[in-house]
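Accompanying notes for the structure given below.
Protein chains in written order, with this note's numbering: chain A, 1 to 92; chain B, 1 to 605.
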């Protein structure tokens, strides 16, 4: 019993650390696909086009790509975090 | 059937549907009133959040903004959707675990201070009113064009509808009505966009059509990419190219800072955060965030396509047209003052980006001012440029060149000669977008007043029934004020929107983020942080927009900081002040620290 209570904060800490890791990784991609590719490096990317379409790559990221990336980021977040939640639930 | 009859049919049908839903799910307790009894499934909550999120600004104005701004318009696309990601990842799950109804409640409780709560309440109310005023104007524009009624009559009808279903159903009624409104608005947006995409490029998916070749026809060169053709036409007529980045006021710094301000500002918008309380647990809240962004992205991926199609169509349907064969859409929109033509004497329309432009909008001018400009212009033409004054120079001076951006979406189906029922359906969609957001915001105003101000600050012993009464009364009061702004649209609505996002970015976001992720931040640093962010941002926007001060450059920023972009600076100042003061002041109470710690554990299912 004593052991269990001692272990609890450490495990919770691990949960929080995993949570932060997921968060920071996803925020990195959030930044990269929108503010990064869409604004900071837009002129460089505009030299290329998206698979031979009429979209310049940087412009495409600013008006389409970033939004698609956002949907995936939130999807991955929901899947990952709900799984992590469940895992730590069982260990408890 | 005529456009008018179709519009009556669609608007009548959709409004009765909303009222029917509100009646079916009416509620009797505060839980149901503010958070829908926490019993809404994730996908439905996602759909409702999407409708709440997509306002008249997203539906009516955004495509127009992108259409006129080109690349720089991306700040709205990235800003509004990117803010949703921040909200879903950094704020919503934690606020949900702490179990607060509203943002002011979180700030007041977390920083254990009623003054902090009061600052947050005032910000929430200000932001919500700014927003509601914009929605009501949207309702007015749609009614005056499509139903041929007076703008004021339109606003009265809108007020009555919002009032009935917001007071009757509370959050629960609003949630289910918004699900219906989502379907109306998304269909209304997609049908014309897809039709125009097929017409111009032959592709069913507008997002693909935008990057494809134009179909061969009378006005276009064969096998040329739509975007390339658009770029070329814009250059020919004196604008900068559509896809070209960083032009004029939109330097790289301003595009970056505005996008970030919109992201952070949207994440702090009170009416969307509250949606995450309407589902039963954190897991469902995450799914509902995904569904919401998924449903939002359907419109946000189509809007830039519509923007480029509409710009292309507008340039080619106006330029070179003579007085006798002006398109019908032009004539019907001319009546609203959102577009007007001042000829230079050759009876040919010229819509360009330089001084030969003849297409304007009436903006804030009242009818008598406008008539004076028109008659002076007529005199100037008839007297062979001897008497009177060139109206075009006056309009250019007042920065009223080009049509009002609001007509781009609303007139796009007419520009493309689509059927009457599609044109009418767009009106119903625009109303759905405006009303869904207005009702969500009115609920935030009411909960800020009834829950935070009345129950938590003034009369903590108030009974359930009493709170509900105050809630309903404050909705009624808020509807009347919002209606007033709809009837007498303040000329500054557009500029005030910059204000709303800037303030949300500079006040709420840092306070909530630090409140969740930093256990050490106490009362005083948080209050000083928020105040310094708010005061600095408010000062700069008032100085720039209302006192026409010249923008700050700090010696390094080309063209200075745009007022829309300043929220980012306010936010950084808020973070800096709060974090610098934190070590000097006591940490939050033991109890509060434990409560924050509890958020860092997985929630029991």
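No residue lacks a Cβ here, since even glycine has one placed at the ideal position from N, Cα and C.
Item: Neighbour-count burial assignment, residue 13 of chain B, 16 or more Cβ in a 10 Å radius; Value: exposed
Item: Contact list for residue 71 of chain B against chain E, beta-carbon separation under 7 Å; Value: Among the protein chains of the structure shown, namely A and B, there is no chain E.
Item: Proximity test, Cβ basis, 8 Å: residue 45 of chain A and chain B; Value: no
Item: CA nearest to the CA of residue 510 of chain B, picked from B/1, B/156, B/147, B/571; Value: B/571
Item: Any non-hydrogen atom of the ligand SAH within 7 Å of residue 462 of chain B CB; Value: The model on display carries no ligand, and the ligand SAH is accordingly not part of it.
Item: Option in B/462, B/451, B/77 with minimal Cα separation from residue 261 of chain B; Value: B/77
Item: Opening and closing residue of the alpha helix (DSSP H) in which residue 400 of chain B lies; Value: Unbroken run through residue 400 of chain B: none, as it is neither H nor E.
Item: Start-end ranges of the alpha helix (DSSP H) lying completely within the region 32-106 of chain B, minimum 4 residues; Value: 42-53, 62-69, 74-86, 92-98
Item: The region 219-239 of chain B touching the region 47-54 of chain A, judged by at least three CB pairs closer than 8 Å; Value: yes
Item: CB of residue 45 of chain B within 8 Å of CB of residue 297 of chain B, strictly; Value: no
Item: Cβ-based contacts, 8 Å cut-off: residues of the region 30-44 of chain A near chain B; Value: 30, 34, 35, 38, 39, 40, 42, 43
Item: Beta-carbon proximity check, residue 14 of chain A vs residue 77 of chain A, cutoff 8 Å; Value: no
Item: Residue 56 of chain A at chain B interface by Cβ criterion, 8 Å; Value: yes
Item: Rounded distance between the beta-carbons of residue 72 of chain B and residue 255 of chain B, thought under 8 Å; Value: 6 Å
Item: Residue 122 of chain B - DSSP class collapsed to helix/strand/coil; Value: helix
Item: Local conformation of residue 458 of chain B per DSSP, three classes; Value: helix
Item: At least 3 beta-carbon pairs within less than 8 Å: the region 384-396 of chain B vs the region 61-77 of chain A; Value: no
Item: Residue 348 of chain B to residue 473 of chain B span [Cα, whole Å]; Value: 56 Å
Item: Within-8 Å CB hit, residue 70 of chain A to chain B; Value: yes
Item: Members of the region 287-308 of chain B near chain A, C-beta cut-off 7 Å; Value: 287, 289, 290, 293, 294, 297, 300, 301, 304
Item: Within chain A, the residues that residue 228 of chain B reaches when beta carbons sit closer than 7 Å; Value: 54
Item: Cutoff 6 Å; reference residue 311 of chain B; Cβ partners in own chain excluding five residues on either side; Value: 67
Item: Cβ shell of residue 343 of chain B (< 8 Å), same chain only, five flanking positions each side left out; Value: 323, 349, 358, 381
Item: Contiguous alpha helix (DSSP H) assignments of at least 4 residues, all confined to the region 480-562 of chain B; Value: 493-517, 523-541
Item: Residue 87 of chain A, buried or exposed, once every other Cβ within 10 Å from all chains shown has been counted against 16; Value: exposed
Item: Residues near residue 132 of chain B by beta carbon distance below 6 Å, same chain, minus five either side; Value: 438, 441, 482
Item: C-alpha gap between residue 183 of chain B and residue 539 of chain B, whole angstroms; Value: 41 Å
Item: When B/74, B/148, B/121 are compared against residue 445 of chain B, the one with the closest alpha-carbon; Value: B/121
Item: Start-to-end residues for the alpha helix (DSSP H) that takes in residue 41 of chain A; Value: Where residue 41 of chain A is concerned, there is no enclosing alpha helix (DSSP H), given that its DSSP letter is neither H nor E.
Item: Chain-ordered neighbours of residue 602 of chain B on chain A, where CB pairs are closer than 7 Å; Value: 15, 85, 88, 89
Item: Assumed close pair residue 450 of chain B, residue 429 of chain B - CB separation to whole angstroms, cut-off 8 Å; Value: So it is not a contact: roughly 32 Å between Cβ atoms.
Item: C-alpha gap between residue 236 of chain B and residue 270 of chain B, whole angstroms; Value: 45 Å
Item: Span of the alpha helix (DSSP H), counted from its first residue to its last, around residue 20 of chain B; Value: 3-24
Item: CB contact check: residue 54 of chain B to chain A, cutoff 8 Å; Value: no
Item: Chain A within 8 Å of residue 571 of chain B, Cβ atoms only; Value: no
Item: 8 Å Cβ cutoff, residue 199 of chain B in contact with chain A; Value: no
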